[in-house]
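In the working numbering, the protein residues as written are 266 to 457.
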């Protein structure tokens, strides 16, 4: 059976509906606070959460078909609902309508999805994880743009790697950073 009487009807929107219902409740409660800094701070926090949620709504075309992804993310970025929306839902994990399955890897790490749980527990940004690697690379090498591609060049001796052309639309992590130290482990200065 497909339609409003089907228990699975609109299953992909339930997490979104949950988040927006909790935000509406929080906004109503914040509006009841006495005027002042505490009220303004809480309303600002709720506005920020609304902004995050609005960027991760499931995309629905003009015929009412779900694209199987949110507006912002690719289908591979956690599925439907996306990880951002399920993460927002977790703010109200004690609410009776919260479904543990939305964040099973975090709520129940024994469920077997260890990588997601380990990533979550790092509590760090991509930048903090890349900083040491990038600093070490740029201390020894330059990244040159050559013929529509890129290659590493040693600052000490001038040696360079092969030119690599990134795939269009792929992530922008420089290929040369991963190969330079491996292919050029030591060098001697050629100039005084």
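All C-beta atoms, glycine included, are put in the ideal place defined by N, C-alpha and C.
{"Check": "Residue span of the alpha helix (DSSP H) that contains residue 391, given as start and end", "Outcome": "391 to 405"}
{"Check": "Residue from 451, 275, 280 whose Cα sits closest to the Cα of residue 365", "Outcome": "280"}
{"Check": "Contact check, residue 335 vs residue 323, beta carbons under 8 Å", "Outcome": "yes"}
{"Check": "Counted within 10 angstroms of its Cβ, other Cβ atoms place residue 457 as buried (16 or more) or exposed", "Outcome": "Because residue 457 carries a pLDDT of 40, less than 50, the predicted location of this residue cannot be relied on, and no value is offered for it."}
{"Check": "Residue span of the alpha helix (DSSP H) that contains residue 325, given as start and end", "Outcome": "Residue 325 -> not in any alpha helix (DSSP H); beta strand (DSSP E) instead, spanning 323 to 325."}
{"Check": "When 402, 401, 400, 371 are compared against residue 387, the one with the closest alpha-carbon", "Outcome": "371"}
{"Check": "Residue 415, DSSP secondary structure in three states", "Outcome": "strand"}
{"Check": "Every unbroken alpha helix (DSSP H) inside the region 281 to 335 [4 residues or more]", "Outcome": "302 to 319"}
{"Check": "Identity of the residues DSSP links to residue 409 by a beta bridge", "Outcome": "416"}
{"Check": "Alpha-carbon to alpha-carbon, residue 384 and residue 420", "Outcome": "34 Å"}
{"Check": "Alpha-carbon to alpha-carbon, residue 360 and residue 331", "Outcome": "27 Å"}
{"Check": "Chain-order list of residues whose beta-carbon lies under 6 Å from that of residue 414 (same chain, five-residue window excluded)", "Outcome": "428, 429, 430"}
{"Check": "Where residue 360 falls: helix, strand or coil (DSSP)", "Outcome": "coil"}
{"Check": "Status (buried if at least 16 other CB within 10 Å, exposed otherwise) for residue 443", "Outcome": "exposed"}
{"Check": "8 Å contact criterion, which residue 354 and residue 278 should meet: CB distance rounded", "Outcome": "Incorrect: roughly 12 Å between the Cβ atoms, too far for contact."}
{"Check": "Start and end residues, alpha helix (DSSP H) containing residue 352", "Outcome": "348 to 354"}
{"Check": "Unbroken alpha helix (DSSP H) run spanning residue 369, endpoints", "Outcome": "369 to 372"}
{"Check": "Cβ shell of residue 314 (< 7 Å), same chain only, five flanking positions each side left out", "Outcome": "288, 353"}
{"Check": "CA-to-CA distance, residue 368 to residue 351, given in whole angstroms", "Outcome": "6 Å"}
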